[in-house]
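Residue numbers (our numbering): -3 to 426.
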């Protein structure tokens, strides 16, 4: 028996090393008697009913929220994420202490201020791509060797290894754990069932109490049960973003250069070029780097003063790094034309609101040094505004107010980011 067992073990090892399919492995190794035994066991399980441990669990947002509340965690701030949208939507509908921040670094700072005033543990939510924005305040403000400010971070794990995702997210997903470890932030994956989630919260609270420093819960894809936002941004403008984008593109020159912000705007622009069989090389599509499209456009405008450079921006992206407006105004780039599609929402990650519809973005741009600022809503207004911008000395600014939402069948660019870069650089040289 011992010899037979050892032979079986070696045979199994050899077959696994050769990467043989499991069904072939099982046929060669296991005897007919063991197969019969397995069949009897399967039959017994079938008679007893399904194995409950194999059933996929999902975490109800309301139960998780209620447990946080029971533990006196009732202040929320952050930047919305598609993986967290069900929980964030529930928070927006039910919490009286909720601030959607302009960027993740600001969220950490808001949370720090709340803790200083109350001694309570705040929650900061974000997508892992926002880790770059919060590094400075996390290390120079919240770290236990500086001010030692505890807070609960909830981070959406885009680009989780083994999961299909966009290139920029795969990069972020691979390095996220290493970044948190290097920053001294303890973390664990949030279980997708309520008992496990409660234990994770208890562990986080114990850590924050004893170490007085941040703790992170990592949220995998499809962790929460679906929840539809009730208090969504409601607007009644004549056009959607895609409809307004069509009007803008109709009036761009054939040699103009375009930089489109991340999210739906870039995807809609790509599909519009496909539909018209136009050259994709004229557009640089920001698949990530939210909030930096205007800075990229500025760099291009300075290097190519003879070309018109158009930045197609979103309100959430503009607010995330609004300081770039002052840089653009100070640099006095006459060929830079900045268009913001303002729907007052983080549209591509759940539709949670921004502050943009409660602001006069044109006044902000004018105060930052933009020579021309215009607001448009209708198709005719957009046509006239784009024509005016074409002939105006920049930097020039156009805010187009649009309704939120996108087509359900909206696709994604079929070219890789590197291919997009290469095509754009060739177009710049033409």
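For every residue, glycine included, the Cβ atom is placed at its ideal position computed from N, Cα and C.
Here residue 176 has 183 and 212 as same chain residues with Cβ atoms under 7 Å from its own Cβ, once five neighbours each way along the sequence are excluded. Pairing residue 364 with residue 318, the inter-Cα distance amounts to about 10 Å. Boundaries of the alpha helix (DSSP H) around residue 291: 289 to 299. In this structure, residue 310 sits near residue 336, with a CB-CB distance shorter than 8 Å.
For residue 113, the enclosing alpha helix (DSSP H) starts and ends at 100 to 114.
Under the three-state reduction of DSSP output, residue 221 falls in the coil class, being neither helix nor strand. 8 Å or more divides the Cβ of residue 281 from the Cβ of residue 294. Nearest neighbour of residue 56 by Cα position, chosen from 188, 180 and 152, turns out to be 188. Going by beta carbons, residue 64 and residue 197 fall inside the 8 Å limit. For residue 184, the uninterrupted beta strand (DSSP E) segment begins and ends at 182 to 185. The distance from the Cβ of residue 118 to that of residue 150 is about 11 Å, inconsistent with a contact at the 8 Å cut-off. Between the alpha carbons of residue 306 and residue 383 lies a distance of about 13 Å.
Under the three-state reduction of DSSP output, residue 120 falls in the strand class.
Here residue 406 carries a coil assignment [DSSP, helix/strand/coil]. DSSP, reduced to helix, strand and coil, places residue 308 within a strand of the structure shown. With at least 16 other beta carbons inside 10 angstroms of its own, residue 409 counts as buried. In this structure residue 138 is in contact with residue 104, their Cβ atoms being roughly 6 Å apart against a cut-off of 8 Å. In chain order, 381 and 394 place their CB closer than 6 Å to the CB of residue 370, counting only its own chain and leaving out the 5 sequence neighbours on each side. At a Cβ-Cβ threshold of 8 Å, residue 260 and residue 406 count as neighbours. Taking the CA atoms as reference points, residue 279 sits about 36 Å from residue 106. About 26 Å separates the CB atoms of residue 283 and residue 133; that is not less than 8 Å, and the two are not in contact. Separation of the CB atoms of residue 229 and residue 349 is rounded to 5 Å, and the pair is thereby assigned contact status at 8 Å.
As a beta-bridge residue in DSSP terms, residue 256 pairs with 281 and 308. Rounded to whole angstroms, the Cβ separation of residue 124 and residue 152 is 6 Å, and the two are in contact under 8 Å. Residue 83 has its alpha-carbon roughly 10 Å from the corresponding atom of residue 224. By the CB criterion at 8 Å, residue 285 and residue 258 fall inside the cutoff. Taking 8 Å as the cut-off, the beta carbon of residue 158 is found no closer than this to the beta carbon of residue 167. Secondary structure note for residue 395: it is in no alpha helix (DSSP H), and the uninterrupted beta strand (DSSP E) holding it is 392 to 397. With distances taken between CA atoms, residue 249 lies nearest to 304 out of 226, 274 and 304.
Taking C-alpha positions only, residue 231 is separated from residue 237 by approximately 12 Å.
Selection 191, 99, 203 and 94 evaluated against residue 59 yields 191 as nearest (Cα-Cα).
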